[in-house]
Amino acid sequence: MRKLIPLFLAVVLMCGCSHAAGAGQGTKLILRYADNQPKNYPTTLAAQYFADLVQERTDGEIRIRVFCDGELGDEVSALEQLSFGGIDMARLSTGTLTEHSEELALLTMPYLYKDADHMWRVLDGAIGERLLAAINDSGIIGMSWYDAGARSFYSSAPITSLEDLQGLRIRVQESETMSQMVALLGAEPVPMAYEQVYAALYVGKVDGAENNLPSFASMGHSNVAPYFLHDEHSRLPEMQVMSASCAEKIRDVNASYVDIVIACAKESALYERRLWLEQTADSRAAAVRQGVTITELTAAERQKFRDAVQPMYDALPEEQRELVNRIRNS
Ligand code: GCU
Numbered sequence: 006m007r008k009l010i011p012l013f014l015a016v017v018l019m020c021g022c023s024h025a026a027g028a029g030q031g032t033k034l035i036l037r038y039a040d041n042q043p044k045n046y047p048t049t050l051a052a053q054y055f056a057d058l059v060q061e062r063t064d065g066e067i068r069i070r071v072f073c074d075g076e077l078g079d080e081v082s083a084l085e086q087l088s089f090g091g092i093d094m095a096r097l098s099t100g101t102l103t104e105h106s107e108e109l110a111l112l113t114m115p116y117l118y119k120d121a122d123h124m125w126r127v128l129d130g131a132i133g134e135r136l137l138a139a140i141n142d143s144g145i146i147g148m149s150w151y152d153a154g155a156r157s158f159y160s161s162a163p164i165t166s167l168e169d170l171q172g173l174r175i176r177v178q179e180s181e182t183m184s185q186m187v188a189l190l191g192a193e194p195v196p197m198a199y200e201q202v203y204a205a206l207y208v209g210k211v212d213g214a215e216n217n218l219p220s221f222a223s224m225g226h227s228n229v230a231p232y233f234l235h236d237e238h239s240r241l242p243e244m245q246v247m248s249a250s251c252a253e254k255i256r257d258v259n260a261s262y263v264d265i266v267i268a269c270a271k272e273s274a275l276y277e278r279r280l281w282l283e284q285t286a287d288s289r290a291a292a293v294r295q296g297v298t299i300t301e302l303t304a305a306e307r308q309k310f311r312d313a314v315q316p317m318y319d320a321l322p323e324e325q326r327e328l329v330n331r332i333r334n335s
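Here it is as structure tokens:
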């Protein structure tokens, strides 16, 4: 029997920053997809591309409504809502997923990869596939990896070296690994949701934060923290996920659609990675035009950062160290 769209969903479809059109003639299922980035950000543009692919390849039977700007809540709450079915799909930072999987937490270790190519070799290979499944026990299915570049520190006061970071209050994601890293670098980690960072920098609740260039620019952090230390301490990829109950709903429409949806997610990831590179270059240029001071690290200074966080690697249990070695040797 054809499924009816619940009334509340129809109402939600009429408002918000979401992109997809409402239910069409043959629509059997409408899914809610959450992203905390703004509308023209690479991840949200790619989410819409994903939604369009799914609609096309399921003959309009499955539609995905993309909610951006954190409209459905911050990432921690989006993750909770995925568990009880309030949200069907999301794009989340691995930093947010670390509490659900020790293996995923390893991906957020500082200086894990030599460079971006190294990270993609790992994520596009067997380890990446295994880690997409790392949170299956929490009822969440990883579909694809999106790029989020490398994260660096920025502050409202000049920072050009490790020494300048000492004692600064630095906003971090709500993740134990990120807090540990910042503490080992000599600063004070202040966990808070992404949406609160601009205000916290503005009123001086924190002295700085760390993120990639597109986030720094698009969230206005560059206006209140115009000193960017390009240290690239971690690469935290984003994961596109759906809940296990969402997969069930899709399967109820057509048993072959789950694989189709996952294939569309992977295809959208290739699109996102292209957009990511363009947006990173644009964000950097915009920051420079705006007067942001961007400091590049010398090899010797970069080594000081690496040495400071080495205790995180020394403390890893044997089986995790083994995975880290496999990643490093990939
Ligand atoms: C990146 C990521 C977001 C995440 C944010 C953060 O910007 O794309 O999904 O919430 O980092 O630092 O919290």
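Per the numbering used here, the sequence shown starts with residue 6, numbered consecutively.
Idealized CB from N, CA, C, for every residue including glycine.
- For residue 316, the enclosing alpha helix (DSSP H) covers residues 304 to 319.
- Inclusion of residue 199 in the 7 Å shell around ligand 1 follows from its C-beta lying nearer than that to a non-hydrogen atom of the ligand.
- Ranked by how close their Cα comes to the Cα of residue 313, the residues 191, 264, 293 have 191 in first place.
- Residue 288 is positioned such that its CB atom lies no closer than 8 Å to that of residue 51.
- In this structure the region 303 to 322 does not lie against the region 72 to 92, because fewer than three pairs of beta carbons, one per stretch, are closer than 8 Å.
- Under the DSSP definition of a beta bridge, residue 95 partners with 39, 246.
- The beta carbon of residue 207 sits closer than 8 Å to the beta carbons of 229 from its chain, once the five residues preceding and following it are set aside; these are given in chain order.
- Here residue 76 carries a coil assignment [DSSP, helix/strand/coil].
- Our two residues, residue 255 and residue 270, have alpha carbons roughly 14 Å apart in a direct line.
- The closest heavy atom of ligand 1 lies less than 7 Å from the beta carbon of residue 80.
- With a cutoff of 7 Å, residue 41 counts as near ligand 1, since its C-beta is closer than that to a heavy atom of the ligand.
- Beyond the five residues adjoining it in sequence on each side, residue 317 comes within less than 8 Å, by CB distance, of 114, 115, 182, 185, 186, 189 in the same chain, given in chain order.
- Within 10 angstroms of the beta-carbon of residue 89 lie fewer than 16 other beta-carbons, which makes it exposed.
- DSSP places residue 240 in no beta strand (DSSP E); its state is neither H nor E.
- Shortest Cα-Cα distance from residue 216 to any of 282, 326, 194, 240 involves 240.
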